[in-house]
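Visitor:
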Amino acid sequence: MRRRRGSAAAGDAAVIESSWREPEQFAVLFDRHAPHIHRYLARRTGRQVADDLVAETFLAAFAKRDRYDLGHADARPWLYGIATNLVHQHRRDEARQYRISQAAAAEPEVPGHADRVAADVTAQAMRTLLNAALAALPDGDRDVLLLIAWEQLTYQEVSRALAIPVGTVRSRLHRARTKTRQILAGTGAAATYEEITSNE
Amino acid sequence: MNEMELLRELAQETPLPEPAELDAARARLVAAITTDPAAGRPGAAPEVTVLQPSASTAQPAEPPRPPAPAPVRDAAKLMYGGAAGTVVQLIILLFYVGDIKAYHLTLGAHPLTTAQLVHLRPLIATLAIAFGLVLIALWLWLARAAGQGKNWARILSTVLFGLATLQLIGLHTAGQVFWAMLTWLAGLAAVWQLWRPASSAYFKSAKALRSRPPSQISGP
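Chains as they are written, first to last, in this note's numbering: chain C, 1 to 200; chain P, 1 to 220.
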């Protein structure tokens, strides 16, 4: 049975299917997902690069829409997979973005109450370390970690996005989390941060 | 608070983009959609604008173009920079022509005499100015055409860049070498930007858009 085309109620698969005959329908997919894909790209590469990459993501998706598996109603994993591949082509931009985030996190906040200032300083230190940890992760591990932590994808969705088995998703996530924890714990800042945030 | 929660907290620092921030990306997608072979068939979305002839020329108006991606915009800027560098080179060259010594120039195997040089100097200066102006015009023309998605512009730019590499041979003064190298590097960077994947996609879609009949081109 054919589903309604292009309406907000229709799933992404129906939109993509109708775009095979009516390419204009593909714009519905853009309107639905572009803001979140842009934010994901901006987090990883910075806003300026994201402006271009979000366009390239949807252009690539449009070009290969005829190969989309209509068994998947939600196209987000597919789009995140394309976006992630594009991020890999901009490794230098991504590395720069983490450096910028580290530098921004290192800037002191406005002065205030001593405890508050101490908490802010520790939180900033944590952000610096987090960005350093992200920069230090292998690409594949970072992809899995960020798609799950930032974009809230499930293991199955990440598996689809990156075209890897679910078992590999689990092992990469485990490795990425362990390494991130090690980097955070290595300075002793994590414990301090937990103390401060748990007292708030 | 574990590392996943910390990461989510970090992510919250990046807000969703404003709708206007996505306009350029959407326009590029719409441009690709309009060039798709399936677009414009019966049953397709009927947002079709027939282009009206321009009042002054009675020619069909230029079809709408997708916005140029960043690499093409950067390439155009570099080419405008190349034009500016050529202006500086031309000025240096004119100083050099004024200061040139007879033994620098030869006619066949024989150095020119001072008298011959004095006679030829206006001609050399005129040729230098004409050549420089042609080069500047080329830079500007190709920058504009490349920015408009004309594929021949990037091909011609690449060919001319290859020829410009030969121009580096035979420079005399340090100033000439410095500015020529700077201009050459601008050309190299521009050519590289023009052949990046995003640029290729833009040139391809712009070409397809131009080749479609006006009645099939959607309005902006």
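Note that beta-carbon positions come from the ideal geometry of N, C-alpha and C, so glycine has one too.
(1) Output needed for C:Asp-93: all residues of its chain with C-beta closer than 6 Å, excluding positions within five of it in sequence on either side, in chain order.
(2) Note down, in chain order, each residue of its chain lying with its Cβ closer than 7 Å to the Cβ of C:Glu-151, except the 5 sequence neighbours on either side.
(3) Which chain P residues are close to C:Trp-78, counting only those with a beta carbon under 8 Å from its beta carbon?
(4) Would P:Leu-16 pass as an interface residue toward chain C - the criterion being a Cβ-Cβ separation below 9 Å?
(5) Should P:Gln-167 go down as buried or exposed, given a rule of 16 or more other Cβ atoms within 10 Å for buried?
(6) Over what stretch of residues does the alpha helix (DSSP H) that includes C:Asp-141 continue unbroken?
(7) Give every residue of the same chain whose Cβ lies closer than 6 Å to the Cβ of P:Leu-6, excluding the five residues on either side of it in the sequence, and list them in chain order.
(8) Give the residues of chain P in contact with C:Asp-52, contact being defined as C-beta atoms less than 7 Å apart.
(9) Which residues in the same chain as P:Phe-203 place their Cβ atom closer than 7 Å to its Cβ, once the five residues preceding and following it in sequence are excluded?
(10) Spell out whether any CB of chain C is found under 9 Å from the CB atom of P:Arg-154.
(11) Using only CA atoms, which one of P:Pro-15, P:Phe-178, P:Gly-187 lies nearest to P:Ile-136?
(12) So C:Ala-133 packs on C:Leu-184, CB below 8 Å; how close in whole Å?
(13) DSSP three-state label for P:Leu-138, please.
(14) Please tell me whether C:Leu-145 and C:Arg-96 are closer than 9 Å, where the distance is taken between their beta carbons.
(15) Looking only at its own chain, which residues have a Cβ that is under 8 Å from the Cβ of P:Ser-56, when we skip the five neighbours before and after it?
(16) Between P:Arg-28, P:Met-4, P:Pro-15, which has its C-alpha nearest C:His-38's C-alpha?
(17) Closer than 7 Å between beta carbons: that is the criterion. Which residues of the segment 123-139 of chain C meet it against chain P?
(18) Between C:Leu-137 and P:Met-181, what straight-line distance do the alpha-carbon atoms span, to the nearest angstrom?
(19) If you measure between the beta carbons of P:Ala-20 and P:Gly-147, is that distance less than 9 Å?
(20) To be precise: take each residue of the segment 21-34 of chain C, compare its Cβ to all Cβ atoms of chain P, and keep it if any distance is under 7 Å. Which residues remain?
(21) Mind listing the chain C neighbours of P:Val-30? Cutoff is C-beta to C-beta under 8 Å, in chain order.
(22) In whole angstroms, what separates the C-alpha of P:Thr-113 from that of P:Leu-93?
(23) May I ask you to report which of helix, strand or coil DSSP gives C:Asp-69?
(24) Give the interface partners of C:Leu-59 over in chain P, defined as CB-CB distance under 8 Å, in chain order.
(25) At least one CB of chain C closer than 9 Å to the CB of P:Asn-2: is that the case?
(26) For C:His-88, count the other beta carbons within 10 Å of its own beta carbon; 16 or more makes it buried, fewer makes it exposed. Which is it?
(27) Would you kindly report the start and end of the unbroken alpha helix (DSSP H) that includes C:Ile-82?
(28) How would you write the range of the alpha helix (DSSP H) that C:Gly-11 sits in, first residue to last?
(29) With distances taken between CB atoms, is the gap from P:Leu-140 to P:Ala-83 smaller than 9 Å?
(30) Whose C-alpha, out of C:Arg-91, C:Asp-141, C:Ala-55, C:Gly-71, is nearest the C-alpha of C:Val-169?
(31) Inspect the beta-carbon positions of C:Arg-160 and C:Trp-78 and report whether they are closer than 9 Å.
(32) Alpha helix (DSSP H) containing P:Arg-196: first to last residue?
Guide: Put simply:
(1) Thr-45, Val-49
(2) Tyr-40, Tyr-80
(3) Result: empty, since nearest Cβ-Cβ is about 16 Å, beyond 8 Å.
(4) yes
(5) exposed
(6) 139-149
(7) none
(8) Pro-69, Ala-70, Ala-198
(9) Gly-149, Asn-151, Arg-154
(10) no
(11) P:Gly-187
(12) 7 Å
(13) helix
(14) no
(15) With a pLDDT of only 40 at P:Ser-56, under 50, the local geometry of the prediction cannot be trusted, and no value is derived from it.
(16) P:Pro-15
(17) Met-126, Arg-127, Leu-130
(18) 39 Å
(19) no
(20) Arg-21, Glu-22, Pro-23, Glu-24, Phe-26, Ala-27, Phe-30, Ala-34
(21) Ala-27
(22) 21 Å
(23) coil
(24) Arg-28, Leu-29, Ala-32, Ala-201
(25) yes
(26) exposed
(27) 76-88
(28) Taken as a continuous stretch (DSSP letters only), C:Gly-11 belongs to no alpha helix (DSSP H), as it is neither H nor E.
(29) yes
(30) C:Asp-141
(31) yes
(32) From DSSP, P:Arg-196 is part of no alpha helix (DSSP H); its letter is neither H nor E.
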